[in-house]
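>
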Amino acid sequence: MKILVVGGGGREHAIIKKLNENKSVEKIYALPGNGGISACAQCVAIGAKEIDKIVDFAQEKEIDYAVIAQDDPLALGAVDALNDCGIPCFGPTKAAAAIESSKVFAKDLMKKYGIPTAEYRVFESARDALEYIKEAPLPTVIKADGLALGKGVIIAKNRKEAEDAVRRIMEEKAFGDSGNRIVIEEFLTGPEVSVLSFTDGETVVPMVSSMDHKRAGDNDTGLNTGGMGAVAPNPYYTKDVAKRCMEEIFLPTVRAMKAEGRVFRGCLYFGLMLTEKGPRVIEYNCRFGDPETQAVLPLLESDLLTVMKATTDGTLADTEVKFSDKYSCCVVMASKGYPQKYETGFEITLPEECDGEIYIAGAKAEDGKLKTSGGRVLGAVAVADTLEGAISAAYALTDKIHFENAYFRSDIGRRAAMAGKEK
Ligand code: AMP
Ligand code: GLY
932 MKILVVGGGG REHAIIKKLN ENKSVEKIYA LPGNGGISAC AQCVAIGAKE
982 IDKIVDFAQE KEIDYAVIAQ DDPLALGAVD ALNDCGIPCF GPTKAAAAIE
1032 SSKVFAKDLM KKYGIPTAEY RVFESARDAL EYIKEAPLPT VIKADGLALG
1082 KGVIIAKNRK EAEDAVRRIM EEKAFGDSGN RIVIEEFLTG PEVSVLSFTD
1132 GETVVPMVSS MDHKRAGDND TGLNTGGMGA VAPNPYYTKD VAKRCMEEIF
1182 LPTVRAMKAE GRVFRGCLYF GLMLTEKGPR VIEYNCRFGD PETQAVLPLL
1232 ESDLLTVMKA TTDGTLADTE VKFSDKYSCC VVMASKGYPQ KYETGFEITL
1282 PEECDGEIYI AGAKAEDGKL KTSGGRVLGA VAVADTLEGA ISAAYALTDK
1332 IHFENAYFRS DIGRRAAMAG KEK
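Heads up: the sequence shown begins at 932 in our numbering, then just goes up one per residue.
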């Protein structure tokens, strides 16, 4: 089989490595891929948003199956365009991808179908939003409607911050058209859990739960990033919580999408907050999370390609999806300065052999060397019998990886390891 994967981060590296385990896979093309992915797939310089070029390439190479891993091509209708040419895909159609690409759509869906989430209001004009903010309970959460590279969410502690956020999003258009509408919602508290799931539009099979670490600094301080590390499973996600989430959130969501004529197939990501009143949806993503995928997929024992194809074919209920009961930790090594300004072009040295996986994200191959080219450079991942073991093995792996200006958090997994031990 010839496979195409659209995307070029650490998540795609993890997906491609796993797809390569299937013996029927003869070739994988990554569009655009990256300097590390080129060791396990052929990288082609076509951007993830260049839908026409992706479709032409897929037809020319007679691709058998395409995996659209990144959010923007899904929102732009890559799956629809490839399906129109007879190429089956892993991932939702444009209509179904709206669950991530429009927060207003997602919130209205949850309200209509009684899926628990934060109370909210939608605003189409800055004037109305600013008026509402004068009275809104604080802190308040302001979200740009559209995709914003994970930066479109502002938690305002006071009215001034809330006003600034509204003006930045709606008037200054900090996120372009993504800020034409905003959601202002209730501030919730509780542990956060990421649950990635496979779904064929009827059946939902959650993967092992995980915990992302979104802030740049230790102890969850500093700016929000794309994610500085992840551990799996998430200790807060107990069997009871999982059962409630399946009944109150996962199945209702998939059924709601079907009822709306937007059947969701692919990976549906539930960003949850476990509040005192029960689990609430913080966000949906229409794709695998990054860096959660790098922690979760090493625990998958079943064949990834088989499971992916079952989501496309509608046969997920008859397909085994098995995860090991071990623990996994992914520590993201970034360029110092990320998520703001940082330098790139530094040579990366990796160990010849290692216990674990190194998933490359922001690196390019140049003169036979691997050099940094992005904010998040790579993920060091280890699997062990205990969470503590996975954390220390992942950090031991970072000791063997070198590049100038490397920065990583020193506390990935600490909160998870402390769960249940708090005073
Ligand atoms: P998102 O980009 O939607 O994942 O939001 C980024 C982060 O903002 C989440 O991981 C939460 O930590 C936080 N967040 C989003 N919505 C809320 C909310 N309603 N209450 C509290 N925190 C929130
Ligand atoms: N780690 C969060 C995301 O992938 O959006």
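From the three backbone atoms N, C-alpha and C, an ideal C-beta is built for every residue, glycine too.
#1: How many Å lie between H885 and T1280 at the Cα?
#2: Go ahead and pull the three-state DSSP assignment for N1336.
#3: Tell me the DSSP secondary structure of G964 in three-state form.
#4: If you measure between the beta carbons of S1125 and G1045, is that distance less than 8 Å?
#5: Tell me the DSSP secondary structure of M1041 in three-state form.
#6: Using only the heavy atoms of the ligand GLY, determine whether one of them is closer than 7 Å to the beta carbon of E1223.
#7: From which residue to which residue does the alpha helix (DSSP H) around V1185 run?
#8: In whole angstroms, what separates the C-alpha of S1356 from that of D1149?
#9: Name the two residues that bound the continuous beta strand (DSSP E) containing F1054.
#10: Using the C-alpha atoms, what's the distance from L1080 back to F1106?
#11: Go through the segment 1091-1131 residue by residue and report every complete run of the alpha helix (DSSP H) that reaches 4 residues or more, in order.
#12: Using only the heavy atoms of the ligand GLY, determine whether one of them is closer than 7 Å to the beta carbon of G1081.
#13: Determine, using beta-carbon pairs with one atom in the segment 963-971 and one in the segment 985-996, whether at least three such pairs fall under 8 Å.
#14: With C-beta atoms as the reference, is E898 less than 8 Å away from K933?
#15: Using only the heavy atoms of the ligand GLY, determine whether one of them is closer than 7 Å to the beta carbon of N1155.
#16: Could you check which residue in R1345, V1227 and F1021 has the C-alpha nearest to that of P1137?
#17: Determine the DSSP secondary structure at A895, reduced to helix, strand or coil.
#18: Given the structure, does L1119 come close to the ligand AMP, in the sense that its CB is under 7 Å from one of the ligand's heavy atoms?
#19: With DSSP as the reference, label Y996 as helix, strand or coil.
#20: In chain order, what residues of the same chain have a beta carbon less than 6 Å from the beta carbon of A1187, not counting five sequence neighbours either side?
#21: Residues in the same chain with beta-carbon distance under 6 Å from L1199, minus the five sequence neighbours each way, listed in chain order, please.
#22: Spell out the partners DSSP gives D1143 in its beta bridges.
#23: May I ask you to report which of helix, strand or coil DSSP gives G1197?
#24: Quick check on DSSP: helix, strand or coil for G1320?
#25: Can you tell which of M1142, L1309, C1020 and G1022 has the C-alpha that lies nearest to the C-alpha of E1288?
#26: Have a look at A1161, T1152 and G1245 and flag the residue whose alpha-carbon is nearest the alpha-carbon of V1194.
#27: Would you list the residues sitting across from A1350 in a DSSP beta bridge?
#28: Hey, would you say V1139 sits closer than 8 Å to F1054, going by beta carbons?
#29: From M1142 to G1157, what distance separates their C-alpha atoms?
#30: Taking its Cβ as the centre, do 16 or more other Cβ atoms sit within 10 Å of N1089, making it buried, or is it exposed?
#31: Can you tell me whether C974 is buried or exposed? The criterion is at least 16 other CB atoms within 10 Å of its CB, across all chains shown.
#32: How far does the alpha helix (DSSP H) with G941 in it extend, from its first residue to its last?
#33: Taking the alpha-carbon positions, what's the D995 to A1350 distance?
#34: Determine the direct distance from the alpha carbon of Y1338 to that of E1178, and round the result to whole angstroms.
So, from the data block:
#1: Outside the shown range of the chain (932 to 1354) lies residue 885, about which nothing can therefore be said.
#2: Looking at N1336 - three-state DSSP - the assignment turns out to be coil, as it is neither helix nor strand.
#3: Three-state result, G964: coil.
#4: Cβ distance not < 8 Å, so S1125 and G1045 don't count as in contact.
#5: Here M1041 sits in helix by DSSP.
#6: At least one heavy atom of the ligand GLY is nearer than 7 Å to the Cβ of E1223, so yes.
#7: The continuous alpha helix (DSSP H) containing V1185 extends over residues L1182 to A1190.
#8: A query on residue 1356 cannot be resolved here, the shown segment of the chain reaching from 932 to 1354 and no further.
#9: For F1054, the enclosing beta strand (DSSP E) starts and ends at Y1051 to F1054.
#10: Going by the C-alpha atoms only, they are around 9 Å apart.
#11: None, since the segment 1091-1131 contains no complete alpha helix (DSSP H) of that length.
#12: Within the cutoff, so yes.
#13: Between the segment 963-971 and the segment 985-996, the count of Cβ pairs shorter than 8 Å is below three; the stretches do not touch.
#14: Any question about residue 898 goes unanswered here, given that the chain covers just 932 to 1354.
#15: Checking every heavy atom of the ligand GLY against the Cβ of N1155, none is found closer than 7 Å.
#16: For P1137, the nearest C-alpha among the options comes from V1227.
#17: The displayed coordinates of the chain run from 932 to 1354. Any statement about residue 895 would go beyond what the structure contains.
#18: Checking the 7 Å criterion, the Cβ of L1119 is within range of a heavy atom belonging to the ligand AMP.
#19: When DSSP states are grouped into helix, strand and coil, Y996 belongs to the strand group.
#20: Excluding sequence neighbours, A1187 sits near L1040 and Y1044.
#21: The residues are S1128 and T1130.
#22: Paired residue(s): A1161.
#23: Strand, per DSSP.
#24: Of the three classes helix, strand and coil, the one that applies to G1320 here is helix, per DSSP.
#25: Of all alpha-carbon atoms in M1142, L1309, C1020 and G1022, the one lying nearest the alpha-carbon of E1288 is that of L1309.
#26: Measuring from the Cα of V1194, the nearest candidate turns out to be G1245.
#27: In DSSP, A1350 forms no bridge with anything.
#28: Contact: no.
#29: Between the C-alpha atoms of M1142 and G1157 there is a straight-line separation of about 13 Å.
#30: Counting Cβ neighbours within 10 Å, N1089 comes out exposed, since fewer than 16 surround it.
#31: The C-beta of C974 has 16 or more other C-beta atoms within 10 Å across all chains shown, which makes the residue buried.
#32: Its alpha helix (DSSP H) spans residues G941 to L950.
#33: So the two alpha carbons sit approximately 44 Å from each other.
#34: Whole-angstrom Cα-Cα distance: 41 Å.
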